[in-house]
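Chemist: Starting off with a structure, shown below.
Protein chains in written order, with the numbering used here: chain A, 9 to 454; chain B, 49 to 355.
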């Protein structure tokens, strides 16, 4: 078994390396020499998908190959399980040395004292962020400290079944509006019976994007949601109308498909049209994993923005995720060296093939473009899309308040299910009122 | 002999030689396990149930607030409780009846019976596992095996959505009924213990097969039925894996088991843990299960025939 595993690992590494330019001299690990760390097992946790798991493991193995004294304890979860697991580790002061973080959550985690302030390492040069744009570095800032480094840049992206839309002669526009999206969905549903799902039910993503379209950069305030009942009524009304027209999945239908595991997303999984969707509300970096899953059906995916009445106001560039070093690490210098490798090493990033988003280090992003495009045909699409979004977006919202997670779980999930009912028992206005009142209540108690 | 000889020694070796010492040493693994995984956590959770506690920061005492909130304003609590009761009160009798039926069928002398018993017992060993839960989800998917079979018989049912509100809980009930094996084995051994002469005597008196079943088999089995009912009811109230993995409470919490709700409060996917609240939920469940079990025991004298 171990031999087989070693062989597979070796194969993955060789495959990844075969596309590399000539081996550069050593790895880019900053000023600390990992060889001096002695035997060490480094914990590394992330949420992700099949592709991310494979490339991250390969990047860690490549590090071990260069520094045989460093082994890894890799911990990969799906998004929903990741946070509850990490909270448990945090309670036991047993977090992995390096953990993937999310823009929405770094503030809570940094304030809870679980993340290491990287400022001294950046000042000493141990962590080299000179090639990362300042506004991207700032996204990892909490108070005066820098607690997280951007692992890649992405943007909300509507991934769609291009094979299907081409077949129906539909062109999916850039800066797509909600009316255009609904029009296409109606047509696809009428001709093929393929529907649509409006994002995950337990996430603030869709309401936030909607509210940004109305001009609210910061959807969440300290005491609740900034938008008014009238405005959020529009959000729920749009869902109810779409469900009534038939093309949007209703609550029962959503329960019948898997919306949390990317590989089973109805965009890419399911043998009959009535359990399939023509588009998924995802993020640009996820297209690689979606495309891998879609290959089984010979589907080619396209990419555009999430539908909004005002796409330029709604859309934003986002650090897709961060790497943070936790305060539970026993060798911060070593963890910083590894982080440096993940951010600045060209070979590492070729192996990681920008699956976490386009690298924040501009030099690295340029250096890996050709090689990554060879293994991942979607990379070009993503780079083009991000270039477009850079010109057609507004600044990102501030990190979410700590209470927002509970609002997602207890309020947004419930209201999404109510609004998606085939025969709704509440009106859109009641949903909006409930959303705003329940959120204010949770915010005050938190 | 050894004990008396040991008594003549002194100090440590005398103490170590005592039978009571050996007794304590042998029961130590259990005592440690019981203290660490049962007694101490239970006491702690009772304390936490009166606290606001998010695991990461120390608990703060808030008195009865968790309980007040649960009983006055928590609609999900009511829903989860209703779903769990529905599941336990419908699933358990079905399961016991099913187990009895299969036991009666298998209670014959034949060469293949051993094989059948093993085969029918299998689901209850593996039924609670993660793999079966995932398999179950696949079976009932809109293009899964169950629909493939059904649509041959009833074409109008093709693509039926088992996970919609209403049928979804039945997907879980069918799974628990399918795990009838351990109850069935207990029934089988009880059937063997019914004295033959009772059947012979009733036969002489002119009873037919059904009368024998109704007036001999069933009364003689009532203690076993009672045991199975109690055990399976408690199991049903505590079921977790099936719900968590197959439906995760969806749609609209119509399949949300109480234990899963509790878990979601203690280990939420997003936001911080509400361990205090979850502990309060756990203690309420303990009381409910105790009351249900007590009612079952109270009813015992009414219908259980003790020979």
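Ideal placement from N, C-alpha and C gives every residue a C-beta, glycine not left out.
#1: So residue 99(A) and residue 103(B) are supposed to be a Cβ contact under 8 Å. How far apart are they, rounded?
#2: With a cut-off of 8 Å, does the C-beta of residue 324(B) fall near any C-beta of chain A?
#3: I'd like to know whether the C-beta atoms of residue 323(A) and residue 390(A) end up nearer to each other than 8 Å.
#4: For residue 372(A), verify whether its CB is less than 7 Å away from any heavy atom of the ligand MN.
#5: Determine the DSSP secondary structure at residue 137(A), reduced to helix, strand or coil.
#6: Spell out the partners DSSP gives residue 158(A) in its beta bridges.
#7: Just the Cα atoms here: how many angstroms apart are residue 164(A) and residue 231(B)?
#8: In chain order, what residues of the same chain have a beta carbon less than 6 Å from the beta carbon of residue 313(B), not counting five sequence neighbours either side?
#9: For a contact meaning CB atoms closer than 7 Å, what does residue 88(A) contact in chain B?
#10: In this structure, how does DSSP classify residue 377(A) when only helix, strand and coil are distinguished?
#11: Can a CB atom of chain A be found closer than 8 Å to the CB of residue 295(B)?
#12: For a quick check, are the C-beta atoms of residue 400(A) and residue 320(A) less than 8 Å apart?
#13: Please classify residue 309(B): is it buried, with 16 or more other beta-carbons within 10 angstroms of its beta-carbon, or exposed?
#14: Who are the near neighbours of residue 72(B) in its chain, counting only those whose CB is closer than 7 Å to its CB and skipping five residues on each side?
#15: Give the interface partners of residue 425(A) over in chain B, defined as CB-CB distance under 7 Å, in chain order.
#16: Here's a check: name, in chain order, each residue in its chain whose Cβ is nearer than 7 Å to the Cβ of residue 318(A), leaving out the five neighbours to either side.
#17: Look up residue 50(A) in the DSSP assignment and give the residues it is bridged to.
#18: Kindly confirm or deny that the segment 238 to 248 of chain A and the segment 433 to 442 of chain A touch, where touching means at least three C-beta pairs closer than 8 Å.
#19: Going along the segment 282 to 294 of chain A in order, which residues come within less than 8 Å of chain B, judged by CB to CB distance?
#20: Determine, using beta-carbon pairs with one atom in the segment 290 to 307 of chain B and one in the segment 73 to 82 of chain A, whether at least three such pairs fall under 8 Å.
#21: What residue range is occupied by the uninterrupted beta strand (DSSP E) comprising residue 107(A)?
#22: Decide if residue 113(A) is buried, meaning its Cβ has at least 16 other Cβ atoms within 10 Å, or exposed.
#23: May I have the straight-line CA-CA distance separating residue 55(A) from residue 155(A), to the nearest angstrom?
#24: Counting only C-beta atoms, is residue 259(A) closer than 8 Å to chain B at any point?
#25: Cα separation between residue 82(B) and residue 185(B)?
#26: Considering only DSSP beta bridges, list what residue 85(A) is partnered with.
#27: Taking only three categories from DSSP, how would you classify residue 315(A)?
#28: Are the segment 401 to 409 of chain A and the segment 382 to 389 of chain A touching by the rule of at least three beta carbon pairs closer than 8 Å?
#29: Does residue 328(A) have its Cβ less than 8 Å from a Cβ in chain B?
#30: Flag this pair as yes or no: are the beta carbons of residue 485(A) and residue 339(A) separated by less than 8 Å?
#31: Mind pulling the chain B residues with CB within less than 8 Å of residue 455(A)?
#32: Just the C-alpha distance for residue 202(B) and residue 194(B), rounded to the nearest angstrom, thanks.
#33: When you compare only the Cα positions, how much space is there between residue 87(A) and residue 270(A)?
#34: Quick one: which residues of the segment 213 to 238 of chain B get their C-beta closer than 7 Å to a C-beta of chain A? List them in chain order.
#35: How would you write the range of the alpha helix (DSSP H) that residue 196(B) sits in, first residue to last?
#36: Distance check for residue 368(A) and residue 291(A), CA to CA, integer angstroms please.
Modeler: Walking through what the data contain:
#1: Residue 99(A) sits at position 91 when you count from the first residue of the first chain. Residue 103(B) sits at position 55 when you count from the first residue of the second chain. The Cβ separation is near 4 Å, so the contact holds.
#2: Here residue 324(B) corresponds to residue number 276 of the second chain, with the count starting at 1. Chain A contact via Cβ: absent.
#3: Reading the first chain from its first residue, position 315 is the one you call residue 323(A). Reading the first chain from its first residue, position 382 is the one you call residue 390(A). Going by C-beta atoms, residue 323(A) is not nearer than 8 Å to residue 390(A).
#4: Although the ligand MN was asked about, the structure shown includes no ligands whatsoever.
#5: The residue you call residue 137(A) lines up with position 129 of the first chain. Three-state DSSP puts residue 137(A) in coil, outside helix and strand.
#6: The residue labelled residue 158(A) in the question sits at position 150 within the first chain. The partner list for residue 158(A) (beta bridge, DSSP) reads 330(A).
#7: For the purposes of this step, residue 164(A) is identified with residue 156 of the first chain, where counting begins at 1. For the purposes of this step, residue 231(B) is identified with residue 183 of the second chain, where counting begins at 1. When rounded, the distance between both Cα atoms is 53 Å.
#8: Working through the second chain from its first residue, we reach residue 313(B) at position 265. Cβ neighbours of residue 313(B) within its own chain (closer than 6 Å, five residues either side excluded): 322, 325 and 326.
#9: To locate residue 88(A), count along the first chain from 1; it is residue 80. Near residue 88(A) (Cβ distances below 7 Å), the residues of chain B are 317.
#10: Within the first chain, the letter at position 369 stands for residue 377(A). Here residue 377(A) sits in helix by DSSP.
#11: Working through the second chain from its first residue, we reach residue 295(B) at position 247. Cβ-Cβ to chain A under 8 Å: yes for residue 295(B).
#12: Against the first chain, residue 400(A) aligns to sequence position 392. Against the first chain, residue 320(A) aligns to sequence position 312. Result yes, Cβ atoms of residue 400(A) and residue 320(A) sit closer than 8 Å.
#13: On the second chain, residue 309(B) is found 261 positions in, with the first residue counted as 1. Its Cβ being crowded by 16 or more others within 10 Å, residue 309(B) is buried.
#14: The residue labelled residue 72(B) in the question sits at position 24 within the second chain. Contacts found: none.
#15: Locating residue 425(A) in the first chain gives position 417, where the first residue counts as 1. Simply 299 and 300.
#16: In the first chain, the residue the question calls residue 318(A) occupies position 310. A distance below 7 Å between beta-carbons, with the five flanking residues on each side excluded, links residue 318(A) to the following residues of its chain, in chain order: 221.
#17: For the purposes of this step, residue 50(A) is identified with residue 42 of the first chain, where counting begins at 1. Its beta-bridge partners are 80(A).
#18: yes
#19: 282 and 283
#20: no
#21: Translated into positions along the first chain, residue 107(A) becomes position 99. From DSSP, the beta strand (DSSP E) with residue 107(A) extends over 106 to 109.
#22: Your numbering for residue 113(A) matches position 105 in the first chain. Counting Cβ neighbours within 10 Å, residue 113(A) comes out buried, since at least 16 surround it.
#23: Against the first chain, residue 55(A) aligns to sequence position 47. Against the first chain, residue 155(A) aligns to sequence position 147. Roughly 18 Å separates the two Cα atoms.
#24: Translated into positions along the first chain, residue 259(A) becomes position 251. So, interface residue.
#25: Taking the first residue of the second chain as 1, we reach residue 82(B) at position 34. Taking the first residue of the second chain as 1, we reach residue 185(B) at position 137. In a straight line, the C-alpha of residue 82(B) is about 35 Å away from that of residue 185(B).
#26: Sequence index remark: in the first chain, residue 85(A) carries index 77 (1-based). In the DSSP output, where bridge partners are listed per residue, residue 85(A) has 55(A).
#27: As a working note, residue 315(A) is residue 307 in the first chain. It is coil, neither helix nor strand.
#28: no
#29: Here residue 328(A) corresponds to residue number 320 of the first chain, with the count starting at 1. It does not; no Cβ of chain B falls within 8 Å.
#30: Any property of residue 485(A) remains undetermined from this structure, which presents chain A solely from 9 to 454.
#31: With chain A running from 9 to 454 in the structure shown, residue 455(A) is simply not present.
#32: Mapped onto the second chain, residue 202(B) falls at position 154. Mapped onto the second chain, residue 194(B) falls at position 146. One alpha carbon belongs to residue 202(B), the other to residue 194(B), and they sit about 12 Å apart.
#33: Along the first chain, read from residue 1 onward, the residue named residue 87(A) stands at position 79. Along the first chain, read from residue 1 onward, the residue named residue 270(A) stands at position 262. Cα to Cα, residue 87(A) sits roughly 10 Å from residue 270(A).
#34: Answer in chain order: 213 and 216.
#35: For the purposes of this step, residue 196(B) is identified with residue 148 of the second chain, where counting begins at 1. Note, residue 196(B): alpha helix (DSSP H), 193 to 201.
#36: Numbered from its first residue, the first chain carries residue 291(A) at position 283. Numbered from its first residue, the first chain carries residue 368(A) at position 360. C-alpha separation (whole angstroms): 16 Å.
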